[in-house]
Amino acid sequence: MGCRPTPTTLITLTIRLMPFNHQSIEKKWQQRWEQNFAFFPTEDPSKAQDSLYHLVMFPYPSATGLHVGHVESYSAVDIVTRWRRMQGKNVLFPIGYDAFGLPAENFAIKTGVHPEQTTNDAMANYTRQMKSLGLSFDWSRVISTADPSYYKWTQWLFLLFYKHDLIYRASAPVNWCDSCQTVLANEQVIDGKCDRCKNVVRQKDLEQWFFRITKYADRLLAGLEKIDWPESIKAMQQNWIGKSEGTEIDFDIVNVAKGRAPWPPQSRETIISVFTTRPDTLFGVSYVVLAPEHPLVDVLVDPAYAKAVMDYRAATARKSELDRSEQKEKTGQFIGAYAKHPLTGKDVPIWIADYALMTYGTGAVMGVPAHDERDYAFAQKYNLPITQVVAPPAGTAFMPSDGAYTDPGIMVQSGIFDGLTNENAKQQITDALEAKNKGRRVTNYRIRDWLLSRQRYWGAPIPIIWCEDCGPVAVPASDLPVRLPTDVDFKPTGESPLARSESFHDVKCPTCHKPARRESDTMDTFVDSSWYFLRFCDPKNEEVMADQEKIRYWMPVDLYVGGAEHAVMHLLYSRFFCYALKDLGHIDFEEPFTKLRNQGTIMGPDGVRMSKSRGNVVNPDEVVEQYGADTLRMYEMFMGPLEDQKPWDTNGAVGVRRFLEKLWKLRESVADATNPSIEKATHKAIHSITNDLEAMKFNTAISASMILVNAMSSAEVLPRSSYEMLVRALAPFAPHLCEEIWETLGYKTSVFESGWPSFEEKMLVDDLVTVAVQINGKVRGTIEISPTLSDVDARDRAQAQQNVEKFLEGKEIIKVIYIPGRLISFVIR
RNA sequence: GCCGGGAUGGCGGAAUUGGUAGACGCACAGGACUCAAAAUCCUGCGAUGGCAACAUCAUGAGGGUUCGAUUCCCUCUUCCGGCACCA
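Letter 586 of the first sequence, counting from 1, is numbered 614 in the numbering used here, and no numbers are missing.
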């Protein structure tokens, strides 16, 4: 029209666009919750009350702030937590920060801003964001792993594990990242690359600190069976632990190499032990392979081959683990020596090849080309004999040109073992070896000890002092924490920046008081997060890491939710910590997380993983501002199953907002009257929502409430009692709005104090149900009948149905199946 | 190669674990209200045929079990995640 709207139209406009003002409502209730802390009670053992421990994986406080993925898992657990509290449970739902880590340190290198500053800013921002979402965390228990009052206990745990030989120092080939200038744990090397910076990792021989996690391999594997975790995570841990049962077989060294001078010297008695899961193929051995780094190589190599062997070794050492695993072509080098077959006594040539790994089994393997793909490729390349010892059943011929035969079969060319199934031969050959003391049954694990030291600044200092006379000495507990120095140049140089802080490293030996030097490495940040759930039980304790009574009251965690990316890092390490702490008598359980759920990734609106470079990142702050926290929380829960990957759709959020507006508007139509159909619908909805919450099926719970709201919207009369039940049931999902409604309904107390609405069984049954009528499996009509109607009556009613009558006419009814309340099915001819 | 999990309308997803496939939401179309738009409300919405009642087809593909299969069994295709020269 061209003229400016009058003040009146402006007001109507605002009201229509914004039936409720989420910004003021949300702020109001967040303030009230904060002031009246009793709304999120987490009382300690004093009260003998049903307790639950709900936990979300605490975040690394990144400068980019909270991600919609955080909102997803936090909302899910917040909903379950609020619901359980309404049921009268005492629920611990804490939050904290995994505050040590590389990004803040890298930022410091670039800008000079101290990591502590960066981290504190980020934590403040996270706190603001989480509060704006109305998450019911117990804010009195916030912890930061970078706080000396926390890492004091991380250091204390280090010393405890060190004292009990669960931490040791060793020189070993380790993963080194040139870009991060630090060593990495195996778990942090993904596809041969650094988990953080994607740089290709090199192998380096270094002396480092390790956790003896391999000691727990078997128990960590067995423990998976008793916990309620996603199958995929359990499978990943199983694979990572990699239990493999087989036989270790000894090959004596032949002292006289064929046609050459005696080698090795007579005085050296040496054997090569190989590990195999296929002892049945022992008679098919053509050669033995040692890992190039194997110490026996030096002892055994024939001088005539020494140069070629050393060259091969050097070439292997130059390769990264990635190169080594990516190459398709097998390479190797004969070392001029022979081993003696333990059963046939025949000479077997000894090779080195980089497909044999020093870090697994014995670092040596027997080569059976006929029955192993790798050995086959190797034998083809170097013209080694291929001897078949397992024949395929049912006469199918095996041709050496076909490649390796790896399926089960019958033993051939294996002396007295011929004719056995290869499974039997495994046992019998191993028995024979054991009898001759040439072999034994062993179990190998793929998992290696956890390398915990890092040559970086922003982590918990390792509480060890190096003394020339006494060696490594534990820092006395009374001197903890060993604080991070502040006079530090962050630039990484391959040794920790701590090494260059004089105030830090010059100390006296606690034992002999001579001048000594502090250990300058810090701990892997996964050490910090391996026990934080224990600290939450008693976060302010200055005497012990956490009071045992309190740990007993809260632990283990009843529900743990987080991303699947921690499948073999955090989740395995934390389990290891608890197993060890149980053995050391500090806790009385092994498994820290009884029930684990992963949230699926929320993708960008384009269906691709959100990333800054792609420009498809959804910022939760903006959604909260525009649509409100209730809408954001509820939309993320409505998108689909928690664990599914799903794309963001802002229109979907709008839909949830519309739903909340309908709910809001309904409060105007409540009446102190009855409406049986609405009351039944309400009880049914409460029933569904309760069951869905139990199963964490938030999407269908919300769907059930939408159905009810639709019914209420079109009802003639809306009973106040029904509406109140609905508001209470939705309070965990949309806490701010439901509090506001509750207040406008005249209540002076929080909706969360009203208890969880209960449903009555008798309200769940309908007087009439729609029953499908099938003829030969096809639905031909429906009938409205009482669910309690007898099958004979139901059958009569069904037959009388017009369309059904038509189909039944002139046919013979062979059989009638009646499922009360569901269907009646006629089988006709 | 091995391990784990998927595949359902235009889209996100439901389906009481063998019982009316497509709930709920989004998008879209038509209508009401409005000078108009937005918002809101009502109606429709898997495909094909039919004015309609209804019929046929349809849950990645093919087979099987069953009165009845998205659901159970076999074979295959494909996608996602993890591990990978582990002996």
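Glycine included, every Cβ here is placed at the ideal spot set by N, Cα and C.
Fair warning: this is a prediction, and the values are worked out from it, not measured in the lab.
Nearest-angstrom Cα separation, counted from residue j out to residue i
i	j	result
Gln455	Val440	16 Å
Val99	Glu593	17 Å
Arg625	Ser716	21 Å
Ser79	Glu696	38 Å
Ile617	Cys540	The question names Ile, but residue 617 in the sequence shown is Phe. Approximately 39 Å between the Cα atoms of the pair.
Val652	Thr659	8 Å
Asp649	Glu144	24 Å
Pro420	Asp611	49 Å
Lys191	Ala336	46 Å
Phe621	Leu480	23 Å
Met740	Gln115	25 Å
Ala743	Trp770	21 Å
Leu721	Asp246	35 Å
Arg857	Arg808	16 Å
Lys358	Asp403	9 Å
Val855	Glu259	41 Å
Gln59	Ser52	11 Å
Val470	Asn267	18 Å
Glu577	His614	11 Å
Thr514	Arg528	11 Å
Residue i in three-state terms, based on DSSP
i	result
Leu130	helix
Glu547	coil
Gly274	strand
Leu45	Summary for Leu45: the model assigns pLDDT 45, below 50, so the residue's position carries little reliability; its value from the coordinates is reported in the next sentence. In the structure shown, Leu45 sits in a helix (DSSP, three-state: H, G or I).
Met667	coil
Ile380	strand
Tyr388	coil
Trp257	coil
Ser172	strand
Arg825	helix
Val555	helix
Thr408	According to the sequence displayed, residue 408 carries Gln and not Thr. Helix at Gln408.
Cys495	strand
Cβ neighbours of residue i in the same chain (closer than 7 Å, five flanking residues each side left out)
i	result
Arg296	With a pLDDT of 43 at Arg296, under the threshold of 50, the modelled position of that residue is not reliable, and the figure given next carries that caveat. The answer, listed in chain order, is Val327.
Thr710	Leu736, Ser750, Met753 and Leu754
Phe128	Thr173, Ala174, Trp486, Gly487, Ala488, Thr553 and Asp556
Tyr178	Ile171, Ser172 and Arg563
Thr109	His82, Val119, Phe121 and Ser164
Where the beta strand (DSSP E) through residue i begins and ends
i	result
Lys865	Coverage of the chain is limited to positions 29 through 857, which leaves residue 865 absent and any answer about it impossible.
Leu234	Arg230 to Phe239
Arg748	It is not in any beta strand (DSSP E) - Arg748 instead sits in the alpha helix (DSSP H) that spans Arg748 to Leu758.
Asn569	Per DSSP, Asn569 belongs to no beta strand (DSSP E) and is neither H nor E.
Ser742	Note, Ser742: premise wrong, no beta strand (DSSP E); not H, not E.
Trp204	Ile195 to Cys205
Asp435	Segment: none, Asp435 is in no beta strand (DSSP E) and carries neither H nor E.
His82	Ser79 to Val84
Arg156	Here Arg156 belongs to no beta strand (DSSP E); instead the alpha helix (DSSP H) covers Pro143 to Ser160.
Contact set for residue i: own chain, Cβ-Cβ below 8 Å, skip 5 residues either direction
i	result
Val105	His82, Leu83, Val84, Phe121, Leu587 and Val589
Range covered by the alpha helix (DSSP H) that runs through residue i
i	result
Ser103	Val96 to Met114
His4	The requested residue 4 does not occur in the structure, where the chain is confined to residues 29 to 857.
Val652	Pro648 to Tyr655
Cys606	His598 to Asp611
Gly680	Thr678 to Leu694
Neighbourhood of residue i by C-beta, 6 Å cutoff - its chain only, sequence neighbours within 5 removed
i	result
Thr146	Ala132 and Phe135
Cys766	Val755, Leu758, Ala759 and Val779
Tyr333	Ile363 and Gly364
Pro520	Gln209
(Q) Below 8 Å, how does it come out for the region 634-643 and the region 203-221: are there three or more Cβ pairs, yes or no? (A) no
Q.
I'd like to know if the region 715-734 and the region 673-680 are in contact, where contact means that at least 3 CB-CB pairs between them fall below 8 Å.
A. no
Q) Looking at C-beta atoms only, is the number of pairs between the region 730-738 and the region 748-759 that lie closer than 8 Å three or more? A) yes
Q. Is it true that the region 464-477 meets the region 374-394, where meeting means three or more beta-carbon pairs spaced less than 8 Å apart?
A. yes
Q) Do the region 523-539 and the region 556-571 meet, that is, are 3 or more Cβ pairs less than 8 Å apart? A) no
**Q.** At least three beta-carbon pairs within less than 8 Å, the region 778-796 to the region 823-838
**A.** no
Q: Answer yes if the region 816-827 comes into contact with the region 838-854, meaning at least three C-beta pairs across the two stretches below 8 Å, and no otherwise.
A: yes
Q. Can you find at least 3 beta carbon pairs, one from the region 660-667 and one from the region 693-708, that sit closer than 8 Å?
A. no
Q) On the three-pair Cβ rule with 8 Å, is the region 229-248 touching the region 197-208? A) yes
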